[in-house]
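Everything on this sheet refers to the single structure shown next.
Protein chains in written order, with the numbering used here: chain A, 435 to 537; chain B, 435 to 537.
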């Protein structure tokens with residue numbers, strides 16, 4: 435447990451800055467996300483996550499992880515393919531948009 | 435886009451069975467999760483995900499991915515350390531508990 439707490443503490447020290455995406459731009463860029471993440475971020479497939487109202491920074495980090503190959507298994511290959519088409523600002527905008535929705 | 439759709443279709447064909455965890459058992463096992471994921475799955479640290487009301491199967495798959503090393507970066511080392519202490523049923527119970535909470 436001590437090791438876990440140490441790793442957690444170090445992780446919190448290195449948290450990146452807050453996301454600063456544009457909600458309206460994110461909404462315009464979200465068309466492709468609907469197929470899996472549903473209208474307004476609520477899914478019907480049990481293996482996929484709801485993302486409406488999720489923390490913007492977490493969404494940003496998750497999208498970057500998929501893009502950079504930091505996540506494997508599940509739908510990681512699909513996510514990597516989509517994320518490879520997106521730039522830094524696109525990811526921030528999508529994160530801001532989904533974070534703004536009611537869970 | 436065709437490649438993405440094919441991968442997505444293949445992914446949906448291989449979806450595992452629904453989670454069948456026990457909510458009450460999950461609540462009892464969730465004490466360690468509170469530090470990062472907050473009381474009842476709502477977080478205060480922007481880099482961490484809210485998990486209240488998330489899809490049970492998605493939560494199960496995510497926990498297994500952390501345990502098996504299928505996710506890296508972010509808090510993956512912390513999650514792996516915690517998940518290494520959990521068995522299959524523990525993971526299903528935690529997934530059922532968090533999925534049962536109001537987002």
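Ideal Cβ placement from N, Cα and C applies to all residues, glycine included. Bear in mind the structure is a predicted one, so any value in this text is a computation, not a measurement.
Item	Value
If we call anything under 7 Å between Cβ atoms a contact, is residue 625(B) one with residue 517(B)?	Outside the shown range of chain B (435 to 537) lies residue 625(B), about which nothing can therefore be said.
For residue 484(A), go through chain B and note every residue whose CB falls closer than 9 Å to its CB, in chain order.	487, 488, 489, 492 and 537
Can you tell me the Cα-Cα spacing of residue 483(A) and residue 485(B), whole angstroms?	10 Å
Please decide whether residue 478(A) counts as near chain B, where near means a Cβ-Cβ distance under 7 Å.	no
Excluding five sequence neighbours on each side, which residues of the same chain lie with their C-beta closer than 7 Å to the C-beta of residue 499(B)?	505
Mind listing which residues of the stretch 496–527 of chain A have their C-beta closer than 7 Å to chain B's C-betas, in chain order?	499, 504, 505, 506, 507, 508, 509, 511, 512, 515 and 516
Within a Cβ cutoff of 6 Å, which residues of the same chain sit near residue 460(B), ignoring the five residues on either side of it in sequence?	527, 528, 530 and 531
Excluding five sequence neighbours on each side, which residues of the same chain lie with their C-beta closer than 8 Å to the C-beta of residue 479(A)?	470
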